[in-house]
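Notes follow the structure.
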Amino acid sequence: MRDLYEVLGVERGASQADLKKAYRRLAQQYHPDKCPGDKSAEDKFKEAANAYQILSDDDQRAAYDRFGFDGLRRGGGGGGGAGFSNVEDIFSAFGDLFGDFFGGRTSGRRQARGADLRVDLELAFAEAVWGCTKDVKVTRDIACGTCHGSGAAAGSKPEACRGCGGKGQVVHAQGFFMVQTTCPQCRGAGKVVKEPCEDCRGRGVKPETSTMTVTVPAGVDDGQTLRLAGKGETGPGGATGHLYVVLHVQGDERFRREGDDILTEVPVSFVKAALGGEVEIYTLEDKCQGSATIDIKPGTQPGDVIVRRGQGVPRVGESGRGDHVVQFRVEIPKKLSARQEELLRELATELGDEHVRPEKRGLFGRKK
Numbered sequence: 006m007r008d009l010y011e012v013l014g015v016e017r018g019a020s021q022a023d024l025k026k027a028y029r030r031l032a033q034q035y036h037p038d039k040c041p042g043d044k045s046a047e048d049k050f051k052e053a054a055n056a057y058q059i060l061s062d063d064d065q066r067a068a069y070d071r072f073g074f075d076g077l078r079r080g081g082g083g084g085g086g087a088g089f090s091n092v093e094d095i096f097s098a099f100g101d102l103f104g105d106f107f108g109g110r111t112s113g114r115r116q117a118r119g120a121d122l123r124v125d126l127e128l129a130f131a132e133a134v135w136g137c138t139k140d141v142k143v144t145r146d147i148a149c150g151t152c153h154g155s156g157a158a159a160g161s162k163p164e165a166c167r168g169c170g171g172k173g174q175v176v177h178a179q180g181f182f183m184v185q186t187t188c189p190q191c192r193g194a195g196k197v198v199k200e201p202c203e204d205c206r207g208r209g210v211k212p213e214t215s216t217m218t219v220t221v222p223a224g225v226d227d228g229q230t231l232r233l234a235g236k237g238e239t240g241p242g243g244a245t246g247h248l249y250v251v252l253h254v255q256g257d258e259r260f261r262r263e264g265d266d267i268l269t270e271v272p273v274s275f276v277k278a279a280l281g282g283e284v285e286i287y288t289l290e291d292k293c294q295g296s297a298t299i300d301i302k303p304g305t306q307p308g309d310v311i312v313r314r315g316q317g318v319p320r321v322g323e324s325g326r327g328d329h330v331v332q333f334r335v336e337i338p339k340k341l342s343a344r345q346e347e348l349l350r351e352l353a354t355e356l357g358d359e360h361v362r363p364e365k366r367g368l369f370g371r372k373k
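All the letters of the sequence shown, read from the start, carry residue numbers 6 to 373 under this note's numbering.
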């Protein structure tokens, strides 16, 4: 196990204010809402909470400072060390410490939040580049309209759970540690329903399918996720989870995206590459249907590029755009007419290129 002061990133003589500040910083960095589905971040979130729980208690901190983890195992500080088995336990223990950051409650038991939901959303390339609004259908549990989410029949009301005393959490020993977990009887609600609502059968929630409008910001990329806070399922205490919208962006054969930059490959004839000229290209403007004319310098080589600064994809949540990189692909004709071949041979002679393939001639010396 790592040193608790090292976990929080503070000196051993840190004040309680320093401990609180360090824990808040780590909790914000690894908060499950900021790192959904990230097991490593969740483990660090729990590790920071365990460290703060011990060091914020003067007796446990004194035992740890003197004997390390052995001091906690011996019961130093009147109760030994503590541990959290899940994120909800951390919210329950420290939710009142940071107010809105942990769900907007400043006192009392933190209500169990409903489940998070996920939907997949298909976007055209232009929709991802310039942003759009899309409708998605979501089936989720919402508060029952008959009992208003209480789960109790008319004329009755939920009672405090005897298993946890209405706290929604229970504490039990796990080895040398005292572990706080969600009450199995009330599932964290803190209340039980003796006379259930017939409409929702005491659950307090009912399934509903609804259409939600998702605002997709300009510049999103394939695989990114949008979070719609409070649009998930309703929990037993009335708190709602979040809706995560996973974006799937279709490709566009005219452009290749690399971050905020786009690459366009433009074919040009070898004559135009040698002599210079102009070529028309597609741009991202007008919903990726725009066009522009660019100059080709004489002597352009295969793979040469022109960078159109600030003409790429808008940066999400920031000002400015990436670049549009135009790369030239010089095309060599596979077949030549007799006249074209004659002109090229004259050019080869003029350039002193003596190693070209000789002309094909028949038995009587005529050109084939």
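Beta carbons are placed, not taken as given, at the ideal position from N, Cα and C, and that holds for glycine.
Distance between Y57 and Q190 (C-alpha atoms, nearest Å): For Q190 and Y57, the distance between alpha carbons rounds to 29 angstroms.
Three CB pairs or more closer than 8 angstroms across the segment 185–205 and the segment 216–230: no
R320 beta carbon less than 8 angstroms from that of D265: yes
Beta-bridge partners of G295, as assigned by DSSP: T288
Q33 - containing alpha helix (DSSP H), residue span: Looking at the DSSP string, the run of the alpha helix (DSSP H) that includes Q33 is 21–34.
Counted within 10 angstroms of its Cβ, other Cβ atoms place R7 as buried (16 or more) or exposed: exposed
Validate contact between the segment 311–325 and the segment 247–257 using beta carbons, cut 8 angstroms, 3 pairs: The segment 311–325 is not in contact with the segment 247–257.
Extent of the continuous alpha helix (DSSP H) run through A148: In the DSSP annotation of this structure, A148 is not part of any alpha helix (DSSP H); the continuous beta strand (DSSP E) holding it starts and ends at 137–148.
Through-space distance from G18 to D70, alpha-carbon basis: 10 angstroms
Where G173 falls, given that 16 or more other Cβ within 10 Å makes a residue buried: buried
Cβ-based neighbour list, C293, same chain, cut-off 7 angstroms, excluding 5 preceding and 5 following: F130, A131, V134, D257
For V335, three-class secondary structure by DSSP: strand
Pick from G224, L280, G171 that is closest to R326, judged by C-alpha positions: G224
Complete runs of the beta strand (DSSP E) confined to the segment 309–334 [at least 3 residues]: Runs of beta strand (DSSP E) with 3 or more residues, each lying fully within the segment 309–334, are found at 310–313, listed in chain order.
Close Cβ partners of V284 (< 7 angstroms) along its chain, the five nearest in sequence each way excluded: V271, V273, I299, I301
Alpha-carbon spacing of K127 relative to C40, whole angstroms: First, the amino acid is wrong: residue 127 is Glu here, not Lys. Answer to the nearest angstrom: the Cα atoms are 23 angstroms apart.
Coarse secondary structure for S161, derived from DSSP in three states: coil
Proximity winner among A27, E16, A32, P37, relative to Y249 (alpha-carbon distances): P37
Rounded straight-line distance, which links the Cα of Q229 to that of R262: One Cα belongs to R262, the other to Q229, and the distance between them is close to 14 angstroms.
For V176: DSSP bridge partner residues: Q185
Buried or exposed (CB count within 10 angstroms, at least 16 for buried), K340: exposed
Chain-order list of residues whose beta-carbon lies under 6 angstroms from that of G235 (same chain, five-residue window excluded): T245
Three-state secondary structure (DSSP) of V12: helix
Nearest neighbour of A157, chosen from P338, K196, F72, T269 [CA to CA]: When only C-alpha atoms are compared, the closest one is K196.
Selected residue, minimal CA-CA separation from E336, among R350, L268, D328, A278: Nearest to E336 by alpha-carbon distance, out of R350, L268, D328, A278, is A278.
Spatial neighbours of V361 in its chain, beta-carbon cut-off 6 angstroms, leaving aside the 5 residues before and after: Non-local beta-carbon contacts of V361 in its own chain, meaning distances under 6 angstroms to residues more than five positions away in sequence, involve A353 in chain order.
Whole-angstrom C-beta distance between L77 and A68, which should lie under 8 angstroms: Going by Cβ atoms, the distance from A68 to L77 rounds to 6 angstroms, so yes, they are a contact pair.
Between the CA atoms of R29 and I59 - distance to the nearest angstrom: 15 angstroms
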